[in-house]
Amino acid sequence: MIIEVREIYKSFGTNAVLRGSSLQIDVGEAIVIIGRSGGGKSILLKHLIGLLRPDNGRVLVGGIDLTGLSERQLLPIRRRFGMLFQGAALFDSMTVEENVGFVLQRERSHTGGEIARQVKEALEMVDLRGIESKKPAELSGGMRKRVGLARAIIYRPEILLYDEPTTGLDPIAAGVIDKLIRRVWSQLKITSIAVTHDLKSAEAISDRILMLHEGRIHGDAPTAEILRSTDPIISNFVRGIPNETR
Amino acid sequence: MVETLRQRINDALTGLGNFGLLAIEALRSLRYRRPSWLDFMRQLHFVGVKSQSVVLTTGAATGMVLCAQTYFQFHKVKMDTATGAVVSVGMCSELGPVLAALMLTARVGAAMAAELGTMKVTEQIDALRTLATHPIDYLVVPRFLACVVAAPLLTAEAIVVGILASQLVGVNLLGIEGTYYRANMIRYTAPSDVVTGLIKALIFGAIIALIACYKGLNCRQGAEGVGRATTEAVVAASISILVSNFFLTLFLTRLFK
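Residue numbers (this note's numbering), protein chains in the order written: chain A, 2 to 247; chain B, -19 to 237.
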């Protein structure tokens, strides 16, 4: 097991977002966490990489408990992760090449030529060519996400996190991103964890779906099973029927 | 009412504690990690080179006004030639470092807080963290170093330009005898006045960088959050400079006595 979350709680002021969420993820799995907007999916995802700390409970990555570690102690553990943010979070003062090669540049162990070659390879993997000198502001939303993905995979992490990878994209661009996520997962054998409320995307990129409902994991089953589930909360979400409680 | 007050005091103390932790972490990073030379040079260019015109104009204007005002008062008691000494001591130990620091706060502190605040709200700081990069190492340390190096240099420039401008006004415009003007200036300006000004500038540089970075890194969400962080950075740094200047004056004057 590469990631284990044990009964985590997280509140912001009086708003309890996570209320005892637990999950387990094995090496090489392709997982999607679904749930309503504002339900705490991204918060849960950020706990997996130590960007947020739970008020209570534990998050274990490769058996190491992240909850007691300092920001500096977390750095080598984060090196095992790559993350694609909802808005891509590219560094807007840098070019595409500088963004994608950021980690290699910081390591100071690669020559300029090596970095340029690896950046080119990473960009080709997400079907982008000849945009190395562009700034993020010159790119479309879909291209920004693909550059974000290239930045996340260039150093070959073990685990890739995707925060709403298709949100804000048109259906064609979303389909391209889904295909890339699947390709990266199968070619690089990376454990893939995404959060989304886009069920079409969830079906395309996952083998297992977890449903987060009212701060807890309500359903956890293979993708096909979740999509055919007769559980009222899951099936209402899948069919887009509002629950009476909300 | 009492609860609100308690909450505000609690928030203020928490903020002070977090600011202290950021300062300690920055100093620790400086001690144990080699900062990126390129990042430092970029920041030094932004803080030092690009602030030249603002700081030099401020220095010149202050020197000229101080000279004119001092002359108008001293002329009544026939002490015209002491004008240069007053301008020189005032520029070296007080006006040079304080006004240069306030101009740096407005230009550099605001820009730093806004840049880091925007990075925070667009998740670029989180992205840095996921890329195994500590924001203190990458963002705060180069800015801190650049401010600490650039502030004394800019202050020295402001002092020199202010004194030269005052001499221009005093000797060429107000008719003070140039030889006595310079002689009194040199006679009454001690090396400790210059050192005091430069030490103050160094500390002010550190204050500007740390407050601006702290406000930027702790910015609230949205455009309003960035705006607020920028304003708070400028206000907090300006007040800290003015208050600390008083205590530094007392301390450094006794130190060099």
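Virtual Cβ for every residue (Gly too), placed ideally from N, Cα, C.
> Hey, is A/Arg7's beta-carbon within less than 8 Å of any beta-carbon in chain B?
Replying inline: In the first sequence, counting from the first residue as 1, residue 7 of chain A sits at position 6. Cβ-Cβ to chain B under 8 Å: no for A/Arg7.
>> So if DSSP puts A/Val62 in a beta bridge, which residue, or which two residues, is it bridged to?
In response: Locating residue 62 of chain A in the first sequence gives position 61, where the first residue counts as 1. Residue pairing by DSSP places A/Val62 opposite A/Ile4, A/Ile65 in a beta bridge.
>> If contacts are defined as beta-carbon pairs under 8 Å, then B/Asp60 and B/Ile166 qualify, I think. What distance do you get, rounded to the angstrom?
In response: In the second sequence, counting from the first residue as 1, residue 60 of chain B sits at position 80. In the second sequence, counting from the first residue as 1, residue 166 of chain B sits at position 186. So it is not a contact: roughly 17 Å between Cβ atoms.
> Helix or strand or just coil, what does DSSP make of A/Tyr251?
Replying inline: Residue 251 of chain A lies beyond the range of chain A shown here (2 to 247); nothing can be said about it.
> Does any C-beta atom of chain A lie closer than 8 Å to the C-beta of B/Thr(-13)?
Replying inline: For the purposes of this step, residue -13 of chain B is identified with residue 7 of the second sequence, where counting begins at 1. The sequence shown places Gln at residue -13 of chain B, not Thr. No, because no Cβ of chain A sits closer than 8 Å to the Cβ of B/Gln(-13).
> Can you tell me whether DSSP reads B/Arg14 as helix, strand or coil?
Replying inline: The residue you call residue 14 of chain B lines up with position 34 of the second sequence. Coil.
> Which whole-angstrom value describes the C-beta separation of B/Gly43 and B/Ala145, a residue pair presumed to lie in contact below a C-beta threshold of 8 Å?
Replying inline: As a first step, residue 43 of chain B is located in the second sequence; it is residue number 63 there, counting from the start. As a first step, residue 145 of chain B is located in the second sequence; it is residue number 165 there, counting from the start. In this structure B/Gly43 touches B/Ala145 by the C-beta definition: roughly 4 Å separates them, less than 8 Å.
> Can you give the Cα-Cα distance for A/Arg184 and A/Glu98, rounded to whole angstroms?
Replying inline: Stepping through the first sequence from its first residue, residue 184 of chain A is reached at position 183. Stepping through the first sequence from its first residue, residue 98 of chain A is reached at position 97. A direct Cα-Cα distance of roughly 22 Å separates A/Arg184 from A/Glu98.
>> Using a 10 Å radius around the Cβ and a threshold of 16 neighbouring Cβ atoms, would you call B/Gln201 buried or exposed?
In response: On the second sequence, position 221 is the one that residue 201 of chain B refers to. The residue is exposed, with fewer than 16 neighbouring Cβ atoms inside 10 Å.
> Any beta-carbon of chain A closer than 8 Å to the one on B/Asp(-9)?
Replying inline: Reading the second sequence from its first residue, position 11 is the one you call residue -9 of chain B. Nearest CB-CB separation between B/Asp(-9) and chain A: not below the 8 Å threshold.
> Of all the options A/Ala138, A/Val101, A/Pro243, A/Glu215, which has the alpha carbon lying nearest to the alpha carbon of A/Arg130?
Replying inline: The count along the first sequence starts at 1 and reaches residue 130 of chain A at position 129. Answer by Cα proximity: A/Val101.
> Who are the Cβ neighbours of B/Phe231 in its own chain at under 7 Å, not counting the five residues just before and after it?
Replying inline: The residue given as residue 231 of chain B occupies position 251 in the second sequence. Excluding positions up to five away in sequence, the list is empty.
> If you run the structure through DSSP and keep just helix, strand and coil, what is B/Leu(-7)?
Replying inline: For the purposes of this step, residue -7 of chain B is taken as residue 13 along the second sequence, with counting starting at 1. The three-state secondary structure of B/Leu(-7), taken from DSSP, is helix.
>> Using C-beta distances below 7 Å, list every residue in its chain close to A/Asp27, excluding the 5 sequence neighbours before and after it, in chain order.
In response: Walking along the first sequence from the start, residue 27 of chain A turns up at place 26. Contacts found: Met2, Ile3.
> Quick one: what does DSSP say A/Asn57 is sitting in, helix, strand or coil?
Replying inline: In the first sequence, counting from the first residue as 1, residue 57 of chain A sits at position 56. The answer is strand: DSSP assigns A/Asn57 an E or B state.
> Taking any Cβ of chain A, which residues in the stretch 97 to 110 of chain B have a Cβ under 7 Å from it, in chain order?
Replying inline: Taken in chain order, the members of the stretch 97 to 110 of chain B whose beta-carbon sits within less than 7 Å of a beta-carbon on chain A are Thr102, Glu103, Gln104, Asp106, Ala107, Arg109, Thr110.
> For A/Ile160 versus A/Ile194, is the C-beta distance shorter than 8 Å?
Replying inline: Position 159 of the first sequence, counting from 1, holds the residue named residue 160 of chain A. Position 193 of the first sequence, counting from 1, holds the residue named residue 194 of chain A. At a Cβ-Cβ threshold of 8 Å, A/Ile160 and A/Ile194 count as neighbours.
>> I want to see whether chain B comes within less than 8 Å of A/Ile50, judged by CB atoms only; does it?
In response: On the first sequence, position 49 is the one that residue 50 of chain A refers to. Taking Cβ atoms only, chain B reaches closer than 8 Å to A/Ile50, which makes this a yes.
> Can you pull the DSSP bridge partners for A/Arg217?
Replying inline: For the purposes of this step, residue 217 of chain A is identified with residue 216 of the first sequence, where counting begins at 1. Beta-bridge pairing links A/Arg217 to A/His214.
>> Is the beta carbon of A/Ile206 closer than 8 Å to that of A/Val33?
In response: Stepping through the first sequence from its first residue, residue 33 of chain A is reached at position 32. Stepping through the first sequence from its first residue, residue 206 of chain A is reached at position 205. A contact, by the Cβ cut-off of 8 Å.
> Do you know how far the Cα of B/Val128 is from the Cα of B/Leu182?
Replying inline: Taking the first residue of the second sequence as 1, we reach residue 182 of chain B at position 202. Taking the first residue of the second sequence as 1, we reach residue 128 of chain B at position 148. Rounded to whole angstroms, the separation of the alpha carbons of B/Val128 and B/Leu182 is 5 Å.
>> Against chain B, which members of the stretch 52 to 77 of chain A pass a CB distance test of less than 9 Å?
In response: Listed by position, the residues of the stretch 52 to 77 of chain A near chain B (Cβ gap below 9 Å) are Leu52, Glu72, Arg73, Leu75, Leu76, Pro77.
> Going along chain A, which residues have a C-beta under 8 Å from B/His25?
Replying inline: Taking the second sequence and counting its residues from 1, the one referred to as residue 25 of chain B is at position 45. Residues of chain A passing the Cβ test: none, with the nearest at roughly 14 Å.
> Taking the Cβ atom as the reference point for each residue, do A/Val120 and A/Arg147 lie within a distance shorter than 8 Å?
Replying inline: For the purposes of this step, residue 120 of chain A is identified with residue 119 of the first sequence, where counting begins at 1. For the purposes of this step, residue 147 of chain A is identified with residue 146 of the first sequence, where counting begins at 1. Against a cut-off of 8 Å, the Cβ pair of A/Arg147 and A/Val120 comes out as no contact.
>> Cβ closer than 9 Å: which chain B residues qualify as neighbours of A/Ala205?
In response: Against the first sequence, residue 205 of chain A aligns to sequence position 204. In chain order: nothing, as chain B lies at least about 24 Å away.
> From A/Leu200 to A/Glu165, what does the alpha carbon distance come to, in whole angstroms?
Replying inline: On the first sequence, residue 200 of chain A is found 199 positions in, with the first residue counted as 1. On the first sequence, residue 165 of chain A is found 164 positions in, with the first residue counted as 1. Taking the CA atoms as reference points, A/Leu200 sits about 11 Å from A/Glu165.
>> So A/Gly88 contacts chain B; which residues on that side make the cut at Cβ distance below 7 Å?
In response: Your numbering for residue 88 of chain A matches position 87 in the first sequence. The contacting residues are Thr102, Glu103.
>> So the candidates are A/Ile191, A/Val18, A/Ala151, A/Val196; which of them puts its Cα closest to the Cα of A/Leu105?
In response: Translated into the one-based positions of the first sequence, residue 105 of chain A becomes position 104. The candidate whose alpha carbon is nearest that of A/Leu105 is A/Ala151.
>> Beta-carbon within less than 7 Å of B/Phe184's beta-carbon, same chain only, minus the 5 sequence neighbours each way: which residues are those?
In response: The count along the second sequence starts at 1 and reaches residue 184 of chain B at position 204. Excluding residues up to 5 positions away in sequence, Pro77, Ala81, Ala131, Ile221 lie with their Cβ nearer than 7 Å to the Cβ of B/Phe184 in the same chain.
> Once you ignore the five residues that flank B/Leu228 on each side, which residues in its own chain have a CB closer than 7 Å to its CB?
Replying inline: Position 248 of the second sequence, counted from the start, is the residue given in the question as residue 228 of chain B. Cβ within range, chain order: Lys180, Ile183.
>> For chain A, check one thing: does any of its Cβ atoms lie closer than 8 Å to the Cβ of B/Ala112?
In response: Translated into positions along the second sequence, residue 112 of chain B becomes position 132. Closer than 8 Å to some Cβ of chain A, the Cβ of B/Ala112 qualifies, so yes.
> Which bits of chain B does A/Val104 rub up against, with CB to CB less than 9 Å?
Replying inline: What you label residue 104 of chain A is simply residue 103 of the first sequence in a count that begins at 1. What A/Val104 touches in chain B: Leu111, Ala112, Thr113.
> Leaving out five residues before and five after A/Phe86 in sequence, what residues of the same chain have Cβ atoms less than 8 Å from its Cβ?
Replying inline: Walking along the first sequence from the start, residue 86 of chain A turns up at place 85. Excluding residues within five positions, the ones whose Cβ falls inside 8 Å are Gly149, Asp164.
>> Less than 7 Å between C-beta atoms, sequence neighbours within five positions excluded: which residues of the same chain meet that for B/Gly70?
In response: What you label residue 70 of chain B is simply residue 90 of the second sequence in a count that begins at 1. The residues are Leu46.
> So with Cβ pairs under 8 Å, would you call A/Phe13 a contact of chain B?
Replying inline: Within the first sequence, numbered from 1, the residue matching residue 13 of chain A stands at position 12. No, A/Phe13 does not count as interfacial toward chain B.
>> With H, G and I counted as helix, E and B as strand and the rest as coil, what does DSSP make of A/Ile234?
In response: By one-based count along the first sequence, residue 234 of chain A stands at place 233. Correct three-state label for A/Ile234: helix.
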